[in-house]
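To keep things clear, I will list the structure first and then write my remarks on it.
In this note's numbering, the protein residues as written are 114 to 256.
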């Protein structure tokens, strides 16, 4: 049963600074609760394949496509207890000094995660909100 989770946050910072921080995918574990570590399998200029360790030692494999001209990260999660897609997009607001960041997940759970999908869905939504708050804190530390 696939479902969608959305979260967004408006950050008082220019879009180029927001992009610089949000596109540093190697540092995502410091932003995303439940993400323990990332190991890059392959890394190109605009595409990354990696393994992500999440809660309880589970692992997911995903590819990330970076679209700097669109300020967009597109994830395809294809192996593990969570499968589907995630996008993180930054959009310029209010003359350029404010940026809105939106996270959209369209995913399905497998294994034990499927049994507890209502709780897992709530945890994923909370994790997204917290990640956006953590992103804002890091960005505001650079302003």
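Beta carbons are placed, not taken as given, at the ideal position from N, Cα and C, and that holds for glycine.
Since this is a predicted model, take the numbers as computed values, not measurements.
Cβ-based neighbour list, residue i, same chain, cut-off 7 Å, excluding 5 preceding and 5 following
| i | result |
| --- | --- |
| residue 101 | The structure shown does not extend to residue 101, since the chain is modelled only from 114 to 256, so the question has no answer here. |
| residue 249 | 122 and 124 |
| residue 117 | 217, 218 and 219 |
| residue 189 | 175, 176 and 198 |
| residue 120 | 216, 238, 241, 242 and 245 |
Residue interval of the beta strand (DSSP E) (run including residue i)
| i | result |
| --- | --- |
| residue 210 | Unbroken run through residue 210: none, as it is neither H nor E. |
Contacting residues, own chain, Cβ-Cβ under 6 Å from residue i (five flanking each side not counted)
| i | result |
| --- | --- |
| residue 155 | 162 |
| residue 146 | 240 and 243 |
| residue 164 | 152, 172 and 174 |
| residue 166 | 149, 150 and 172 |
| residue 238 | 118 |
| residue 230 | 222 |
Best match in the options for proximity to residue i [C-alpha to C-alpha]
| i | options | result |
| --- | --- | --- |
| residue 251 | 126, 115 and 120 | 126 |
| residue 169 | 255, 233 and 241 | 233 |
| residue 215 | 242, 207, 230 and 229 | 242 |
| residue 218 | 158, 228 and 235 | 235 |
| residue 247 | 138, 132, 165 and 143 | 143 |
| residue 153 | 186, 171, 177 and 130 | 177 |
| residue 158 | 166, 130 and 180 | 180 |
| residue 115 | 249, 207, 254 and 199 | 199 |
| residue 132 | 197, 182 and 254 | 182 |
Any non-hydrogen atom of the ligand NAP closer than 8 Å to residue i Cβ
| i | result |
| --- | --- |
| residue 227 | Looking at this structure, you won't find the ligand NAP or any other ligand, since it has none at all. |
Enclosing alpha helix (DSSP H) for residue i [first to last residue]
| i | result |
| --- | --- |
| residue 122 | From DSSP, residue 122 is part of no alpha helix (DSSP H) but of the beta strand (DSSP E) over 116 to 124. |
| residue 254 | 230 to 255 |
Other residues of its chain near residue i: CB distance less than 8 Å, five sequence neighbours each side excluded
| i | result |
| --- | --- |
| residue 128 | 184, 203, 204, 205, 209 and 212 |
| residue 139 | 151 and 153 |
| residue 160 | 176, 177, 178 and 179 |
Contact the stretch 186 to 202 vs the stretch 213 to 230: 3+ CB pairs below 8 Å: yes
Would you list, in sequence order, the uninterrupted beta strand (DSSP E) runs of no fewer than 3 residues that lie entirely inside the stretch 131 to 209? 148 to 156, 160 to 167, 172 to 180, 185 to 192 and 195 to 206
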